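In our numbering, the protein residues as written are 1 to 137. Notes to accompany the following structure.
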């Protein structure tokens with residue numbers, strides 16, 4: 001067995017039964033990284049201290065053996081941030097597909113609709129409520 005294989009197997013046996021990383025942990029990691037960078041540029045020791053506390057909490061959650069409690073914390077985090085995460089995902093998709101599609105909002109039910117660009121004047125039928133309206137794509 002090679003050296004790195006021994007390290008990998010010993011780490012795997014150490015992590016057996018522990019919770020590991022999840023979405024809340026990754027958010028804590030990125031937040032700590034951003035706080036640390038901003039704290040180092042602004043020379044505010046409080047931000048660096050907060051970043052260190054977040055990292056310690058993240059590692060404590062990863063190494064915890066109380067899997068049910070950590071899963072409940074992660075589910076609560078996902079439920080509370082659902083709207084913000086959905087809005088960011090929609091914005092990223094709109095930016096990514098902006099050259100191919102135009103996005104409109106149904107005047108009746110406020111659902112977002114996607115139409116290919118360059119088709120001229122078009123009658124859009126909302127899939128949510130069936131409302132029809134004219135737009136230039």
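Cβ coordinates follow ideal geometry from the N, Cα and C atoms, glycine included. Predicted model only: the values in this text are computed from it and were never measured.
Please classify residue 121: does DSSP put it in a helix, a strand, or coil? Looking up residue 121 in the chain shown gives position 121. Note: residue 121 maps to strand in three-state DSSP.
Spatial neighbours of residue 129 within its chain, please: C-beta separation below 6 Å, excluding the five flanking residues on both sides. To locate residue 129, count along the chain shown from 1; it is residue 129. If we look at residue 129 and ignore the five residues flanking it on each side, its Cβ neighbours are 108 and 109.
Let me check understanding here. Comparing Cα to Cα, which of 3, 104 and 24 lies closest to residue 61? On the chain shown, residue 61 is found 61 positions in, with the first residue counted as 1. It is 24 whose Cα lies nearest to the Cα of residue 61.
Do the CB positions of residue 65 and residue 18 come within less than 8 Å of each other? To locate residue 65, count along the chain shown from 1; it is residue 65. To locate residue 18, count along the chain shown from 1; it is residue 18. Contact: yes.
I need the straight-line Cα distance from residue 4 to residue 15, nearest angstrom please. Your numbering for residue 4 matches position 4 in the chain shown. Your numbering for residue 15 matches position 15 in the chain shown. Answer to the nearest angstrom: the Cα atoms are 16 Å apart.
Count the other CB atoms within 10 Å of the CB of residue 1; is the residue buried (16 or more) or exposed (fewer)? Counting from 1 along the chain shown, the entry for residue 1 is found at position 1. That one is exposed.
Taking the alpha-carbon positions, what's the residue 137 to residue 114 distance? Locating residue 137 in the chain shown gives position 137, counting from the first residue. Locating residue 114 in the chain shown gives position 114, counting from the first residue. The alpha-carbon atoms of residue 137 and residue 114 are separated by roughly 10 Å.
Pull up the DSSP beta-bridge partners for residue 134, would you. Position 134 of the chain shown, counted from the first residue, corresponds to residue 134. Note: residue 134 sits in a beta bridge opposite 123.
Curious, which full-length alpha helix (DSSP H) runs of at least 4 residues does the region 47-84 contain? 67-80
Expressed to the nearest angstrom, what Euclidean distance is found between the alpha-carbon atoms of residue 58 and residue 100? In the chain shown, the residue the question calls residue 58 occupies position 58. In the chain shown, the residue the question calls residue 100 occupies position 100. So the two alpha carbons sit approximately 40 Å from each other.
Mapping DSSP to helix, strand and coil, what is residue 2? If you number the chain shown from 1, residue 2 lands on position 2. It is coil, neither helix nor strand.
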